[in-house]
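Worksheet: one structure, shown below.
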Amino acid sequence: MIIHMNEMVFYGYHGVHDEERSLGQRFVVSVSLFTDPAKDAAIKHLNDTVDYTKVYDDIREIMESQQFQLLEVCANTLAERLLTSYPLLTRVKINIQKPSVPIVGILSSVEVELCRDR
Numbered sequence: 882m883i884i885h886m887n888e889m890v891f892y893g894y895h896g897v898h899d900e901e902r903s904l905g906q907r908f909v910v911s912v913s914l915f916t917d918p919a920k921d922a923a924i925k926h927l928n929d930t931v932d933y934t935k936v937y938d939d940i941r942e943i944m945e946s947q948q949f950q951l952l953e954v955c956a957n958t959l960a961e962r963l964l965t966s967y968p969l970l971t972r973v974k975i976n977i978q979k980p981s982v983p984i985v986g987i988l989s990s991v992e993v994e995l996c997r998d999r
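Position one of the sequence shown corresponds to residue 882 (my numbering), numbered consecutively onward.
So this is what it looks like as structure tokens:
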């Protein structure tokens, strides 16, 4: 089974430039949480699966209370937390989008994607 949590918006202080880390900006996070297909038929109750309200809280805590210069490091931190905290997960896919990019040019966003297996 795959649980998708799409376009969660957080305000954080991530980036290479001092202004990004002092002023902050919005970040859009989407995750896909993969579980063992052999165990999916046995899911009957919340404690048989991944509680995505707790996943949201973990993601929010990292995005809003920690600072990262690179989105790649942020994505790795999220993946490590999720795989460590939720033993039912076999794989995670993390997408972090930065809509306000300090680049002279026209683009809607920059995004990193990380896939990590247990």
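Every residue gets a Cβ at the ideal spot worked out from N, C-alpha and C, and that includes glycine.
- In the DSSP annotation of this structure, Lys979 is not part of any alpha helix (DSSP H); the continuous beta strand (DSSP E) holding it starts and ends at 970 to 979.
- Contact between Glu888 and Ser911 holds, with the beta-carbon distance rounding to 6 Å and staying under 8 Å.
- In the DSSP assignment, Thr930 falls outside any beta strand (DSSP E), carrying neither H nor E.
- The way I'd put it, the stretch 973 to 989 does touch the stretch 890 to 903; three or more beta-carbon pairs between them come closer than 8 Å.
- DSSP, read as helix, strand or coil, puts Val897 in coil.
- Counting the other CB atoms within 10 Å of its CB gives Leu952 a total of 16 or more, which places it among the buried residues.
- Rounded to whole angstroms, the gap between the alpha carbons of Ile984 and Asn928 is 45 Å.
- Lys974 is positioned such that its CB atom lies no closer than 9 Å to that of Cys955.
- Secondary structure of Ser966 (DSSP, three-state): helix.
- In this structure, Tyr933 sits near Ile884, with a CB-CB distance shorter than 9 Å.
- In the three-state reduction of the DSSP assignment, Ile987 falls in the coil class.
- Secondary-structure assignment with DSSP links His885 through a beta bridge to Ser913.
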